[in-house]
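Trainee: Going down the list, the protein sequences come from chains A and B.
Under numbering that gives the first Met the number 0, the first residue of the first sequence is numbered 0, with each subsequent residue one higher.
Under numbering that gives the first Met the number 0, the first residue of the second sequence is numbered 0, with each subsequent residue one higher.
Glycine included, each C-beta is placed from N, C-alpha and C at the ideal position.
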Amino acid sequence: MIFSNLWALFGLLGIPLLVGIHFYRHRFREQPVSGLFLWGRPLVQGGSGRKREQLRGLWSLLAECLGLLALVWFLADPHFSDQQPAVHHLVVLDGHERLLARRDDGRSVGGQLLEDLRATWRGLPDQDRITLIRSGLRPQLIVGPLATREEALSALDRPVESFFAQPVHDPVTALDLAAELAGEASGRVLLASDRPWPGLPERVSLLARGQVRRHCGLVDARWWRDAQGERLHLNLVNAGPARQRELLIETPDGTLLQRLKLALPADGLRNLTLPLLYPPESLRLRLAPDTEDQLPIDDQALLLRPRERVVTVFIDPSLAGLEPLQRVLASLDGVQTLPQAAGADLIIGGADGGGPEAWHLSLGDAGGPPQLGPFLARRGRAVERRRCAEHHRRG
Amino acid sequence: MRLGHLEALARRLHLALDPRRQRLGVGARMGAGAGNSLEFHDYRDYQPGDDPRLVDWGVYARTGQLLLRRHRQEIAPRLELILDASLSMGASAEKWLLARECCGLLAAVAERDGSRPRIWLAGESCRPLAGPWREELPRQVCAGSLGLAGPVPELSPGGERILISDGLAPEGGEPVVRRLARGAGSIALVQILSRAERDPAFAGPLRLLDVEGGALDVVVDDATRQAYRQRLARHQAGWRAALAGRGVGLIDCVAEEGFEAALQHLLRQGLLLMDGGA
Numbered sequence: 000m001i002f003s004n005l006w007a008l009f010g011l012l013g014i015p016l017l018v019g020i021h022f023y024r025h026r027f028r029e030q031p032v033s034g035l036f037l038w039g040r041p042l043v044q045g046g047s048g049r050k051r052e053q054l055r056g057l058w059s060l061l062a063e064c065l066g067l068l069a070l071v072w073f074l075a076d077p078h079f080s081d082q083q084p085a086v087h088h089l090v091v092l093d094g095h096e097r098l099l100a101r102r103d104d105g106r107s108v109g110g111q112l113l114e115d116l117r118a119t120w121r122g123l124p125d126q127d128r129i130t131l132i133r134s135g136l137r138p139q140l141i142v143g144p145l146a147t148r149e150e151a152l153s154a155l156d157r158p159v160e161s162f163f164a165q166p167v168h169d170p171v172t173a174l175d176l177a178a179e180l181a182g183e184a185s186g187r188v189l190l191a192s193d194r195p196w197p198g199l200p201e202r203v204s205l206l207a208r209g210q211v212r213r214h215c216g217l218v219d220a221r222w223w224r225d226a227q228g229e230r231l232h233l234n235l236v237n238a239g240p241a242r243q244r245e246l247l248i249e250t251p252d253g254t255l256l257q258r259l260k261l262a263l264p265a266d267g268l269r270n271l272t273l274p275l276l277y278p279p280e281s282l283r284l285r286l287a288p289d290t291e292d293q294l295p296i297d298d299q300a301l302l303l304r305p306r307e308r309v310v311t312v313f314i315d316p317s318l319a320g321l322e323p324l325q326r327v328l329a330s331l332d333g334v335q336t337l338p339q340a341a342g343a344d345l346i347i348g349g350a351d352g353g354g355p356e357a358w359h360l361s362l363g364d365a366g367g368p369p370q371l372g373p374f375l376a377r378r379g380r381a382v383e384r385r386r387c388a389e390h391h392r393r394g
Numbered sequence: 000m001r002l003g004h005l006e007a008l009a010r011r012l013h014l015a016l017d018p019r020r021q022r023l024g025v026g027a028r029m030g031a032g033a034g035n036s037l038e039f040h041d042y043r044d045y046q047p048g049d050d051p052r053l054v055d056w057g058v059y060a061r062t063g064q065l066l067l068r069r070h071r072q073e074i075a076p077r078l079e080l081i082l083d084a085s086l087s088m089g090a091s092a093e094k095w096l097l098a099r100e101c102c103g104l105l106a107a108v109a110e111r112d113g114s115r116p117r118i119w120l121a122g123e124s125c126r127p128l129a130g131p132w133r134e135e136l137p138r139q140v141c142a143g144s145l146g147l148a149g150p151v152p153e154l155s156p157g158g159e160r161i162l163i164s165d166g167l168a169p170e171g172g173e174p175v176v177r178r179l180a181r182g183a184g185s186i187a188l189v190q191i192l193s194r195a196e197r198d199p200a201f202a203g204p205l206r207l208l209d210v211e212g213g214a215l216d217v218v219v220d221d222a223t224r225q226a227y228r229q230r231l232a233r234h235q236a237g238w239r240a241a242l243a244g245r246g247v248g249l250i251d252c253v254a255e256e257g258f259e260a261a262l263q264h265l266l267r268q269g270l271l272l273m274d275g276g277a
């Protein structure tokens, strides 16, 4: 055991002093009487003296000794080891504005998180340090780094709304920053959010105060067109136990084209691809109403058929070694190679022609120093060094 | 104890017990109620069922009224002597000696008077004196701290009860009298206090040790002693109030003044009567 203030132990000398005072405190001569009650209340009780007597008032002595021991203990400030390091607590606070949503008890999730942090920090030892990072499109350091407990607590006094005003973002950036600040040793990273985040690093603990509600909806719907034809790619999410939902595919005027019964897994995603053989110009996707769905706003989506866009390309036949490029362009959907430059959107080579809107891509040695675009300059590959790609719009 | 002296005194004394409080049957003394003695008591109206032999036919002949002639009751009172044998009674040798001598005198007078004396020792508990009092009483020593505050023994109903004590019960006289006077014909207290107990002469810073337990640190000065005397006076007044109407009351004796002075107090207070008038 280590004492911060060794001199305080001299206070223990007070114990024999106290005992001595108790031994010598009474100097009264004894006088036997018959009716003690007739003498009333004592006029003098106690007092120091020189005549040693049997110890009386043992509880009083014990209380005084205990009080002295407590005082010495406090002044000596004993602790078991000086090696006890201060712990660095790094808290990443999810700054998304959805954390202002209110729970059933009327309190916002964010407000509850701040309360929890406040309570946790109050119980921390004095030597611990705190860093608070608010996640967002750009993480912001709100407290610290390595702030004291009082500083951190005072920083939480700001309005709750000021902590949670960020749009959709991924807290990974803030977590990376926290991990960087935590270092290797004693840093403890905590993510405070409204939901569990799967795949958090082992070192990161989670404080989630959100409230789970049963809900399913369309999170992604795309109309896809490629060489295989047209099709729909859908993603449906389900929060809660597994269930079945009906998906209705309609025209915007309400004509039902297809009705699908979908089994949605518990707390998971369901991917779906639907080929469109006779696609209309637009589609409305709708999940059949369900009373258990707490958030029906995302149960429908309106999709417009993507426009067909064809890019015409002419490749100058005088250029050698461009066969691979021709093969690549031929495999791309929406790209049409033309045998002549007239009417081409993109002319590769030095050939003239094309309309005023046509783009020209020339390959070969340029007259001056090569002008490398940022991508090429950064990559610095040999093949790009030898050849200079110049693209410009003539006109 | 001077037993011979006590016996000699007893021959010239008798108890002045109040016959109106006596409720026992026949005996050598006249009771307060109607009984079967030869001494006339009073008349009362005849009630159906009364013994016709008790009708005063002379009165009937003169007045035509049926009256019953009643005679005084004969009683044999029992005397219960409750001697406080707690440690406070042994605070001084004179105090304990005087208490026993008073007790012996009263017992001897009661025997001579036709009463049946019984002596109780109230020390650690209240128990009757085992054996003849003339042999046992001189051998008794003080013990215990309960005294008169202890449990009440089975006392004879209707008996005359005399307490011999210093009366220094912390709870005061009233609860003691209330417990011991239950069912008694009368009750009185012979209070024996030493001079030091009446008027303490010691002074200075003292630890007062009660002989029956307890201690108190106190600086004794004139004011303290004055307060003590006032409390003692109030304490005795409490005893007197409790004994009022139950007999001769409190008879105050000083231990150091000796037996003769105490006898004078007993006579003056009317507990004992001298033959041929006191």
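(1) What's the C-alpha gap between A:Q44 and B:V217?
(2) Under a three-way DSSP split, which group does A:P2 fall into?
(3) I want to see whether chain A comes within less than 9 Å of B:H13, judged by CB atoms only; does it?
(4) List, from N- to C-terminal side, the beta strand (DSSP E) runs of 3 residues or more that fit wholly inside the region 327-357 of chain A.
(5) Are the beta-carbon atoms belonging to A:D127 and A:A85 less than 9 Å from one another?
(6) Please report whether the beta-carbon of A:F22 lies at a distance below 9 Å from any beta-carbon of chain B.
(7) Per DSSP, B:V217 is paired with what?
(8) At the 9 Å Cβ level, is B:D55 part of the contact set with chain A, yes or no?
(9) Out of A:S281, A:A178, A:P200, which one is the CA nearest neighbour of A:W222?
(10) Check B:E211 in the structure and name its three-state DSSP category.
(11) Please work out which residues of its chain come closer than 7 Å, Cβ to Cβ, to A:S317, disregarding the five sequence neighbours upstream and downstream, and give them in chain order.
(12) If we call anything under 9 Å between Cβ atoms a contact, is B:L167 one with B:D251?
(13) Less than 8 Å separating the Cβ of B:A84 from some heavy atom of the ligand ADP?
(14) Going by the DSSP bridge assignment, what does B:P127 pair with across the sheet?
(15) Please classify A:L247: does DSSP put it in a helix, a strand, or coil?
(16) Answer yes or no: do A:R258 and A:D289 have a C-beta to C-beta separation smaller than 9 Å?
(17) Drop a sphere of 10 angstroms on the beta-carbon of A:S192, count the other beta-carbons inside from all chains shown, and report buried for 16 or more, exposed for fewer.
(18) Please confirm whether A:R117 has its beta-carbon closer than 9 Å to some beta-carbon of chain B.
(19) Could you give the distance in angstroms between the alpha-carbon of B:A7 and the alpha-carbon of B:L128?
(20) Is it true that the CB of A:V32 sits closer than 9 Å to the CB of B:E279?
(21) Under the three-state reduction of DSSP, which class applies to B:E308: helix, strand or coil?
(22) At 7 Å on the CB atoms, spell out the chain A contacts of B:P169, in chain order.
(23) I'd like to check one pair, A:L206 with A:L284: are the Cβ atoms closer than 9 Å?
(24) Could you tell me which residues DSSP puts in a beta bridge with B:D44?
(25) If you draw a straight line from the alpha carbon of B:R178 to that of B:S185, how long is it in whole angstroms?
(26) For the region 196-207 of chain B, which residues have a beta carbon sitting closer than 8 Å to at least one beta carbon of chain A?
(27) Drop a sphere of 10 angstroms on the beta-carbon of A:T130, count the other beta-carbons inside from all chains shown, and report buried for 16 or more, exposed for fewer.
(28) Taking the DSSP output, what are the residues bridged to A:P195?
(29) Does the beta carbon of A:S59 sit closer than 9 Å to a beta carbon anywhere in chain B?
(30) Could you pull the DSSP bridge partners for A:E29 from this structure?
(31) Inspect the CB distances between the region 52-71 of chain B and the region 86-101 of chain B and report whether three or more fall short of 8 Å.
(32) Between B:A240 and chain A, is any beta-carbon pair separated by less than 9 Å?
(33) Does any residue of chain B have a CB that is nearer than 9 Å to the CB of A:V86?
(34) Can you tell me whether A:N4 is buried or exposed, with buried defined as 16 or more other CB within 10 angstroms of its CB?
(35) Look at the alpha carbon of A:E150 and the alpha carbon of A:I141, and state the distance between them as a whole number of angstroms.
(36) What would DSSP say about A:L276, mapped onto helix, strand or coil?
Mentor: In brief:
(1) Here residue 44 of chain A refers to the residue found at position 45 when the first sequence is read from its first residue. Here residue 217 of chain B refers to the residue found at position 218 when the second sequence is read from its first residue. A caution first: A:Q44 carries a pLDDT of 45, below 50, which makes its placement in the model too unreliable to give a value.
(2) As a first step, residue 2 of chain A must be located in the first sequence, where it is residue number 3. Note on identity: in this sequence residue 2 of chain A is Phe, with Pro being the wrong assignment. Note: A:F2 maps to strand in three-state DSSP.
(3) Here residue 13 of chain B corresponds to residue number 14 of the second sequence, with the count starting at 1. Answer no: the Cβ-Cβ gap between B:H13 and chain A never drops below 9 Å.
(4) 334-337, 345-347
(5) Looking up residue 127 of chain A in the first sequence gives position 128. Looking up residue 85 of chain A in the first sequence gives position 86. Cβ distance < 9 Å, so A:D127 and A:A85 count as in contact.
(6) Stepping through the first sequence from its first residue, residue 22 of chain A is reached at position 23. Cβ-Cβ to chain B under 9 Å: no for A:F22.
(7) Numbered from 1 along the second sequence, position 218 holds the residue referred to as residue 217 of chain B. Answer by DSSP bridge pairing, in chain order: B:L205.
(8) Translated into positions along the second sequence, residue 55 of chain B becomes position 56. No, because no Cβ of chain A sits closer than 9 Å to the Cβ of B:D55.
(9) As a position in the first sequence, residue 222 of chain A is number 223, starting the count at 1. Cα-wise, what sits closest to A:W222 is A:S281.
(10) Reading the second sequence from its first residue, position 212 is the one you call residue 211 of chain B. B:E211 falls in the coil class under three-state DSSP.
(11) The residue labelled residue 317 of chain A in the question sits at position 318 within the first sequence. Taken in chain order, the residues that qualify are G348.
(12) Residue 167 of chain B sits at position 168 when you count from the first residue of the second sequence. Residue 251 of chain B sits at position 252 when you count from the first residue of the second sequence. Taking 9 Å as the Cβ cut-off, B:L167 and B:D251 do not qualify as a contacting pair.
(13) Questions concerning the ligand ADP fall outside what the structure shown contains, since it holds no ligand whatsoever.
(14) Taking the second sequence and counting its residues from 1, the one referred to as residue 127 of chain B is at position 128. Per DSSP, B:W119.
(15) One-based indexing of the first sequence puts residue 247 of chain A at position 248. Note: A:L247 maps to strand in three-state DSSP.
(16) Locating residue 258 of chain A in the first sequence gives position 259, counting from the first residue. Locating residue 289 of chain A in the first sequence gives position 290, counting from the first residue. Going by C-beta atoms, A:R258 is not nearer than 9 Å to A:D289.
(17) For the purposes of this step, residue 192 of chain A is identified with residue 193 of the first sequence, where counting begins at 1. A:S192 should be labelled buried.
(18) As a first step, residue 117 of chain A is located in the first sequence; it is residue number 118 there, counting from the start. Answer no: the Cβ-Cβ gap between A:R117 and chain B never drops below 9 Å.
(19) Taking the second sequence and counting its residues from 1, one reaches residue 7 of chain B at position 8. Taking the second sequence and counting its residues from 1, one reaches residue 128 of chain B at position 129. Approximately 23 Å, taken between the alpha carbons.
(20) Coverage of chain B is limited to positions 0 through 277, which leaves residue 279 of chain B absent and any answer about it impossible.
(21) Nothing about residue 308 of chain B can be read from this structure; chain B reaches only from 0 to 277.
(22) Residue 169 of chain B sits at position 170 when you count from the first residue of the second sequence. Within chain A, the residues near B:P169 are F36.
(23) Along the first sequence, read from residue 1 onward, the residue named residue 284 of chain A stands at position 285. Along the first sequence, read from residue 1 onward, the residue named residue 206 of chain A stands at position 207. Against a cut-off of 9 Å, the Cβ pair of A:L206 and A:L284 comes out as no contact.
(24) Here residue 44 of chain B is taken as the residue at index 45 of the second sequence, counted from 1. Beta-bridge pairing links B:D44 to B:L66.
(25) Counted from its first residue, the second sequence places residue 178 of chain B at position 179. Counted from its first residue, the second sequence places residue 185 of chain B at position 186. One C-alpha to the other measures close to 13 Å.
(26) E196, P199, F201, G203, P204, L205, R206, L207
(27) Taking the first sequence and counting its residues from 1, one reaches residue 130 of chain A at position 131. A:T130 should be labelled buried.
(28) As a position in the first sequence, residue 195 of chain A is number 196, starting the count at 1. DSSP output for A:P195 lists no bridge partner at all.
(29) Indexing the first sequence from 1 puts residue 59 of chain A at position 60. For A:S59, the answer is no, since every Cβ of chain B falls outside 9 Å of its Cβ.
(30) As a first step, residue 29 of chain A must be located in the first sequence, where it is residue number 30. Bridge partners of A:E29: B:R206.
(31) no
(32) Position 241 of the second sequence, counted from the start, is the residue given in the question as residue 240 of chain B. Cβ-Cβ to chain A under 9 Å: no for B:A240.
(33) For the purposes of this step, residue 86 of chain A is taken as residue 87 along the first sequence, with counting starting at 1. Taking Cβ atoms only, chain B never reaches closer than 9 Å to A:V86, which makes this a no.
(34) In the first sequence, the residue the question calls residue 4 of chain A occupies position 5. Its Cβ having fewer than 16 others within 10 Å, A:N4 is exposed.
(35) If you number the first sequence from 1, residue 150 of chain A lands on position 151. If you number the first sequence from 1, residue 141 of chain A lands on position 142. Spanning the two alpha carbons is a distance of roughly 11 Å.
(36) Locating residue 276 of chain A in the first sequence gives position 277, counting from the first residue. Coil.
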